[in-house]
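Take a look at the structure below.
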Amino acid sequence: TWRLVQERCSACQYLSPSRSCAAHGKQQMAVIKHKQHVVGEGISNIMEVIIPGLYQDDTCVVWCPMLGMGDLADAEAGNGESQTLITRKPVWNEQVQSLVLDFKGRNIVSSAKNFQLALRQKPQHVICQYGK
1220 TWRLVQERCS ACQYLSPSRS CAAHGKQQMA VIKHKQHVVG EGISNIMEVI IPGLYQDDTC
1280 VVWCPMLGMG DLADAEAGNG ESQTLITRKP VWNEQVQSLV LDFKGRNIVS SAKNFQLALR
1340 QKPQHVICQY GK
């Protein structure tokens, strides 16, 4: 598990260091969990990325311990305060004897590092992708 943090959030940026989120765990921007999963004859790298959610006015939830926010990794799914991105799993292709992902016509080199992330509630809608 990895954490992406920011030294101070917008709510704490003008406070003294001892009274800001810098001294109390920092603002959490993302929690990334990684594991491997066997698919066919291959091994797929799977990620789950938890990020702060969006309010109805399209502003981002500030995940600051000074605002009473706990650990982002423990956020309850579906409450709107956090969003979970999941890896779209590749499928085993017998013809090429490899795991494959659909990159919609892009020229991609086969690599175990290629991935696509989608919202958990919309797994067919790719939000972020990386392909060599």
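Read in order, the letters of the sequence shown are residues 1220 to 1351 in our numbering. Built from N, CA and C at the ideal position, the CB exists for glycine as well. Owing to the predicted nature of the structure, the values given are computational and were not obtained by experimental measurement.
Exposed unless 16 or more other CB atoms sit within 10 angstroms - verdict on Cys1231: Within the sequence shown, numbered from 1, the residue matching residue 1231 stands at position 12. Under this definition Cys1231 is a buried residue.
To the nearest angstrom, how far is it from the Cα of Ile1327 to the Cα of Thr1306? The count along the sequence shown starts at 1 and reaches residue 1327 at position 108. The count along the sequence shown starts at 1 and reaches residue 1306 at position 87. C-alpha separation (whole angstroms): 17 Å.
Would you mind sorting Ser1329 into buried or exposed? The rule is 16 or more other CB atoms within 10 Å of its CB. Within the sequence shown, the letter at position 110 stands for residue 1329. That one is exposed.
Let me know if Pro1309 comes out buried or exposed under the rule of 16 or more other beta-carbons within 10 Å of its beta-carbon. Along the sequence shown, one-based indexing puts residue 1309 at 90. Buried.
Compute the Euclidean distance between the alpha carbons of Arg1238 and Trp1282, then round it to the nearest angstrom. In the sequence shown, residue 1238 corresponds to position 19, counting from 1. In the sequence shown, residue 1282 corresponds to position 63, counting from 1. Their Cα atoms are separated by approximately 16 Å.
Complete runs of the beta strand (DSSP E) confined to the stretch 1285-1344 [at least 3 residues]: 1301-1306, 1310-1312, 1317-1319, 1334-1338
Measuring alpha carbon to alpha carbon, tell me which residue in Val1224, Ala1249, Gln1302, Val1250 is nearest Ala1241. By one-based count along the sequence shown, residue 1241 stands at place 22. Comparing Cα-Cα distances from Ala1241 to each of Val1224, Ala1249, Gln1302, Val1250, the minimum goes to Val1224.
Look up Leu1223 in the DSSP assignment and give the residues it is bridged to. Translated into positions along the sequence shown, residue 1223 becomes position 4. Partner(s): Ala1249.
Presumed contact (8 Å Cβ cut-off) between Gln1335 and Gln1348, rounded CB distance: For the purposes of this step, residue 1335 is identified with residue 116 of the sequence shown, where counting begins at 1. For the purposes of this step, residue 1348 is identified with residue 129 of the sequence shown, where counting begins at 1. Confirmed, Cβ separation roughly 4 Å.
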